[in-house]
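Engineer: Quick one: this structure, given as structure tokens, is what I'll be asking you about.
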Amino acid sequence: MSTSFTTLVAAFHDAWQQPSITDTVAMLDADSSYTYAELYTEIGQLAGRLRAAGVGHGDRVALATARSLQSAKAILALLAAGACPCPLEPKLGRDEVLRRVRMTGISWLLADAEHSGEAALQELPQVSSLQLESLPAAPAYWALDISPESAGLMLFTSGSSGKPKGVLLSHRGLLANTLGVSSHTALAPQDRLLHVMPLYHTNGVNNQLFAPLLAGASVALASRFRAEDMPALVARYRPSIITGVPTMYARMLEANFSAESLENLRMLRCGSAPITEELHRKIEAKFERPLVVSYGLSEVTCTSTMNPPSARRIGSVGTVLAGQVIVLERADKTAASRPGEEGEICIGGPGLMLGYLEEDAPGTPRPVTDGVLRTGDIGRFDSEGYLYITGRIKDVIIRGGENLSPNLIESVLCEVPGVAQCSVVGGPHADLGEVPVAFVVRQRSDAGTALDASQLGDAVQKALSRIHRPTAFFFVDALPENAVGKIDKKKLVLMLQAFSPS
């Protein structure tokens, strides 16, 4: 794929007309499919209809649609129209919809027939509503003259505040992320990606829709992830790539996949949340394929590092993607440049967001400070450029002045036979300020049932030290998760008040 384009829109416009892929299936689901020639026509026509309805360059358009090929096409057509799609999570409450409209300057709502009548979406102030199935007829359109610096996508992320805020991404950043991911994973027309993640999440849009579609690969859009559905989906679509988060893969370990359904599978991709080395090994043993772990944030258009599929390293989040810049910063703001030296992960480059949209600055993006995003994550590089995440500034448990990493404690606990999942948070302590507390999910086996707090505590103390030993263990049936499968540590902190130690 040529890198001479400055926007993803122009790159799609060129790529989808290439004779080598015009007959290749671009997107499919259980009921229908589109070749690249058909997709090129469909997206251009839908973009033209959006323009005829009044949607202009840079307009922020909330998208309320059911998970479907139609929803994916709507995102692509809004891009082609030069607008800024803002996919909404399903079933948002009225107050949250109004808050997002107010703080982000959304001027259009594009809904399908299923969602256009929802009470939460009615009569939004300063917002014009359109129904996807009822747009006016118009000539095809492609915004080939859109500025690379224009807003190209807005996603919502909770961040540290707990309230979702808008992350405004540029057309330039969308292209940079797409090219970086495609190159790093050698995406090609022979690939087929099984898509089961949300279409309102950065990974589900940027890495699982945009990247394969620019590479000429196929995207098989299935229903939202359920572990019990995966064997049948893999057998139906025969993917070469499956992407998920750690909890998804953990749930798939007990499912049965036929050898025939996995014949085309060349790699599994994992991102959006930390994964323990123990779970990583179990997944690779189950599927007999490399699990490629990546790292990134919505604020940097999704992905900044990724393990090369042919040279993955367990425990690492990989090497830096082309177009990204990562510096590790010490507490004194100088660069930690020696292999093995830890520092805060600071990211720069063309993928950086235009800014946040929040209540304190409604409708106006806040720029990234000094051209870099300070992630709050702590990491180190090895001598060959592989990045390892070692903690998070805000997640660090400060026990009597000593900084303890929850990730480090979790990695030990997950090695104990019988532990299916665990998460460590800081609990209050009258003398020490805070102490580590662990939530543990037992495996459904005799070994899991036999687990007790003393056994787990001894394992941590032996591997690390006495101060790392959690002061309490809570055995739960499941860990709380957010909409994309990340463990919700804020909820765990709240749960401390409802549990008594085991």
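Under our numbering, the letters of the sequence shown match residues 198 to 699, in that order. All C-beta atoms in this analysis are idealised placements derived from N, C-alpha and C, irrespective of residue type, glycine included.
List the residues that DSSP assigns as beta-bridge partners of methionine 224.
Structural biologist: Indexing the sequence shown from 1 puts residue 224 at position 27. Note: methionine 224 sits in a beta bridge opposite Tyr231, Val416.
Engineer: Tell me the residue span of the alpha helix (DSSP H) that contains leucine 691.
Structural biologist: Locating residue 691 in the sequence shown gives position 494, where the first residue counts as 1. Run containing leucine 691: 686-692, per the alpha helix (DSSP H) assignment.
Engineer: Go through its chain and collect everything with a Cβ distance to alanine 452's Cβ below 8 Å, but skip five positions before and after it.
Structural biologist: The sequence position of residue 452 within the sequence shown is 255, counting from 1. Closer than 8 Å at Cβ, skipping near neighbours: Ala424, Glu425, Met427, Pro428.
Engineer: Report yes or no: do the region 429-439 and the region 497-504 share at least 3 C-beta pairs separated by less than 8 Å?
Structural biologist: In short, these stretches do not touch, since the Cβ pair count stays below three.
Engineer: Give the secondary structure of valine 298 by DSSP, where H, G and I count as helix, E and B as strand, and everything else as coil.
Structural biologist: As a position in the sequence shown, residue 298 is number 101, starting the count at 1. Looking at valine 298 - three-state DSSP - the assignment turns out to be helix.
Engineer: For lysine 686, which option in Thr238, Val569, Pro471 has the closest C-alpha, if you only look at C-alpha atoms?
Structural biologist: In the sequence shown, the residue the question calls residue 686 occupies position 489. Selected option, being the one with the closest Cα: Pro471.
Engineer: Within its chain, find whatever has a CB closer than 6 Å to the CB of proline 224; leave out the 5 residues flanking it on each side and keep chain order.
Structural biologist: Here the question's residue 224 lines up with position 27 in the sequence shown. Looking at the sequence shown, residue 224 is not proline but methionine. Around methionine 224: Tyr231, Leu266, Val416.
Engineer: So, at 7 Å on beta carbons, what are the nonlocal neighbours of proline 562 in its own chain, with the 5 sequence-adjacent residues on each side left out?
Structural biologist: Locating residue 562 in the sequence shown gives position 365, counting from the first residue. Leu365, Leu551, Gly552, Tyr553, Leu554, listed in sequence order.
Engineer: Under three-state DSSP, which class holds alanine 627?
Structural biologist: In the sequence shown, counting from the first residue as 1, residue 627 sits at position 430. Coil at alanine 627, not helix or strand.
Engineer: If you drop the 5 nearest sequence neighbours on each side, which residues of the same chain put their C-beta closer than 6 Å to that of methionine 449?
Structural biologist: Within the sequence shown, the letter at position 252 stands for residue 449. Within the same chain, methionine 449 has close Cβ partners Ala424, Met427.
Engineer: If you draw a straight line from the C-alpha of proline 667 to the C-alpha of glutamate 599, how long is it?
Structural biologist: For the purposes of this step, residue 667 is taken as residue 470 along the sequence shown, with counting starting at 1. For the purposes of this step, residue 599 is taken as residue 402 along the sequence shown, with counting starting at 1. Near 14 Å, if we compare the C-alpha coordinates of glutamate 599 and proline 667.
Engineer: How close, in whole Å, do the beta carbons of serine 491 and glycine 515 come, if the pair is a contact with beta carbons under 8 Å?
Structural biologist: Counted from its first residue, the sequence shown places residue 491 at position 294. Counted from its first residue, the sequence shown places residue 515 at position 318. Confirmed, Cβ separation roughly 6 Å.
Engineer: So, helix, strand or coil for glutamine 328, using DSSP?
Structural biologist: On the sequence shown, residue 328 is found 131 positions in, with the first residue counted as 1. In the structure shown, glutamine 328 sits in a strand (DSSP, three-state: E or B).
Engineer: Along the beta strand (DSSP E) that carries tyrosine 492, what are the first and last residues, could you check?
Structural biologist: Here residue 492 is taken as the residue at index 295 of the sequence shown, counted from 1. Segment 488-492, the beta strand (DSSP E) holding tyrosine 492.
Engineer: Under DSSP, the alpha helix (DSSP H) around serine 380 begins and ends at which residues?
Structural biologist: Position 183 of the sequence shown holds residue 380. Unbroken alpha helix (DSSP H) run through serine 380: 368-381.
Engineer: How is the alpha helix (DSSP H) around threonine 444 delimited, first residue to last?
Structural biologist: Reading the sequence shown from its first residue, position 247 is the one you call residue 444. Threonine 444 -> alpha helix (DSSP H) spans 443-449.
Engineer: Give me, in chain order, the residues of the same chain whose beta-carbon lies closer than 7 Å to that of glutamate 346; leave out the 5 immediate sequence neighbours on both sides.
Structural biologist: In the sequence shown, the residue the question calls residue 346 occupies position 149. Correct list, in chain order: Ser367, Arg369.
Engineer: With distance defined between alpha-carbon atoms, name the residue in Leu610, Asn403, Ala419, Ser469 nearest to leucine 653.
Structural biologist: Position 456 of the sequence shown, counted from the first residue, corresponds to residue 653. Out of Leu610, Asn403, Ala419, Ser469, Leu610 has the C-alpha closest to the C-alpha of leucine 653.
Engineer: Should asparagine 400 and threonine 498 be called a contact, given that it needs their Cβ atoms to be closer than 8 Å?
Structural biologist: Here residue 400 refers to the residue found at position 203 when the sequence shown is read from its first residue. Here residue 498 refers to the residue found at position 301 when the sequence shown is read from its first residue. No; because the gap between Cβ atoms is not below 8 Å, this pair is not in contact.
Engineer: Please name the residue or residues paired with glutamine 521 in a DSSP beta bridge.
Structural biologist: Here the question's residue 521 lines up with position 324 in the sequence shown. According to DSSP, which records beta bridges pairwise, glutamine 521 is partnered with nothing at all.
Engineer: DSSP three-state call for valine 497: helix, strand or coil?
Structural biologist: Taking the first residue of the sequence shown as 1, we reach residue 497 at position 300. Valine 497: helix per DSSP, three-state reduction.
Engineer: Please go through the same chain and pick out, in chain order, the residues whose beta-carbon is closer than 7 Å to the beta-carbon of methionine 464, but skip the five residues on each side of it.
Structural biologist: Position 267 of the sequence shown holds residue 464. Closer than 7 Å at the Cβ level, and outside the excluded window around methionine 464, lie Ile438, Arg486, Pro487, Val489, Pro506.
Engineer: Is the region 326-340 in contact with the region 236-250, if contact means three or more CB pairs nearer than 8 Å?
Structural biologist: The answer is yes - the region 236-250 touches the region 326-340, with three or more Cβ pairs under 8 Å.
Engineer: With distance defined between alpha-carbon atoms, name the residue in Ser380, Glu541, Glu460 nearest to lysine 591.
Structural biologist: Residue mapping note: residue 591 aligns to position 394 of the sequence shown, counting from 1. For the residues Ser380, Glu541, Glu460, the minimum Cα distance to lysine 591 belongs to Glu541.
Engineer: Are the Cβ atoms of aspartate 579 and arginine 589 separated by less than 8 Å?
Structural biologist: As a first step, residue 579 must be located in the sequence shown, where it is residue number 382. As a first step, residue 589 must be located in the sequence shown, where it is residue number 392. No, these two residues do not count as a Cβ contact at 8 Å.
Engineer: Going straight from the alpha carbon of glutamate 315 to that of histidine 254, what length do you get?
Structural biologist: In the sequence shown, the residue the question calls residue 315 occupies position 118. In the sequence shown, the residue the question calls residue 254 occupies position 57. Those two C-alpha atoms are separated by around 27 Å.
Engineer: Take every Cβ of the region 209-227, pair it with every Cβ of the region 246-264, and state whether three or more of those distances are shorter than 8 Å.
Structural biologist: Contact between the region 209-227 and the region 246-264 is absent, because fewer than three Cβ pairs lie under 8 Å.
Engineer: Is the beta carbon of alanine 617 less than 8 Å from the beta carbon of alanine 447?
Structural biologist: Within the sequence shown, residue 617 is the residue found at index 420, counting from 1. Within the sequence shown, residue 447 is the residue found at index 250, counting from 1. In this structure, alanine 447 lies closer than 8 Å to alanine 617 by Cβ.
Engineer: Among Leu601, Gln215, Val634, whose alpha-carbon lies nearest the alpha-carbon of glutamine 694?
Structural biologist: Translated into positions along the sequence shown, residue 694 becomes position 497. The shortest C-alpha separation from glutamine 694 is found at Val634.
Engineer: How long is the line joining the alpha carbons of arginine 246 and isoleucine 511, rounded to whole angstroms?
Structural biologist: In the sequence shown, counting from the first residue as 1, residue 246 sits at position 49. In the sequence shown, counting from the first residue as 1, residue 511 sits at position 314. Roughly 48 Å separates the two Cα atoms.
Engineer: Could you name the residues of the same chain whose beta carbon sits closer than 8 Å to that of isoleucine 595, not counting the 5 residues immediately before and after it, in chain order?
Structural biologist: What you label residue 595 is simply residue 398 of the sequence shown in a count that begins at 1. Answer for isoleucine 595: Leu601, Gly623, Gly630, Glu631, listed in chain order.
Engineer: On a Cα-Cα basis, can you pick out the residue from Glu235, Val690, Val431, Pro284 that is closest to proline 216?
Structural biologist: The residue given as residue 216 occupies position 19 in the sequence shown. Cα-wise, what sits closest to proline 216 is Glu235.
Engineer: Find the nearest neighbour of alanine 208 within the set Pro409, Val637, Thr221, judged by alpha-carbon distance.
Structural biologist: In the sequence shown, the residue the question calls residue 208 occupies position 11. It is Pro409 whose Cα lies nearest to the Cα of alanine 208.
Engineer: Quick test of your reading: alanine 308 and leucine 329, contact by CB under 8 Å. State the CB separation rounded to the nearest angstrom.
Structural biologist: Reading the sequence shown from its first residue, position 111 is the one you call residue 308. Reading the sequence shown from its first residue, position 132 is the one you call residue 329. So it is a contact: roughly 7 Å between Cβ atoms.
Engineer: Whose C-alpha, out of Phe407, Lys362, Val206, is nearest the C-alpha of leucine 384?
Structural biologist: For this step, residue 384 is matched to residue 187 along the sequence shown. Ranking the options by Cα distance to leucine 384, first place goes to Phe407.
Engineer: Go to phenylalanine 209, then tell me how far its alpha helix (DSSP H) extends in each direction, as first and last residue.
Structural biologist: Position 12 of the sequence shown, counting from 1, holds the residue named residue 209. Taken as a continuous stretch (DSSP letters only), the alpha helix (DSSP H) holding phenylalanine 209 covers 205-212.
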